[in-house]
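Chemist:
Numbering (our numbering), first residue to last: -3 to 83.
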């Protein structure tokens, strides 16, 4: 796959690309490719992503249902002593 290097990108355009990539949870490279496709083809191709509800269902069933093996208290894990001070 070819590589494209852009030089002298205006600061405001770079910042907009960075913000848009963060909003869409994409890398700047992925966002730049989508933006180029949109501009050249007039449409946006979105990756196949699970919905928020599908993600939450997966977390509930696969992650949050796992047993807790560490029996220490939250304070012990964080390193607080009996006086509430960090050890």
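In this text, a Cβ means the ideal position worked out from N, Cα and C, and glycines have one as well.
Measure the beta-carbon distance from residue 13 to residue 28 and round it to whole angstroms, keeping in mind my assumption that it falls under 8 Å.
Modeler: Residue 13 to residue 28, Cβ: 6 Å. Contact.
Chemist: State the Cα-Cα distance for the pair residue 26 and residue 62, rounded to the nearest angstrom.
Modeler: Near 34 Å, if we compare the C-alpha coordinates of residue 62 and residue 26.
Chemist: Taking the alpha-carbon positions, what's the residue 56 to residue 44 distance?
Modeler: Looking at the two C-alpha atoms, the distance is approximately 21 Å.
Chemist: In the DSSP output, what is residue 76 paired with across the bridge?
Modeler: Paired residues: 82.
Chemist: Terminal residues of the continuous alpha helix (DSSP H) containing residue 38?
Modeler: Here residue 38 belongs to no alpha helix (DSSP H), and DSSP marks it neither H nor E.
Chemist: DSSP three-state label for residue 67, please.
Modeler: Coil.
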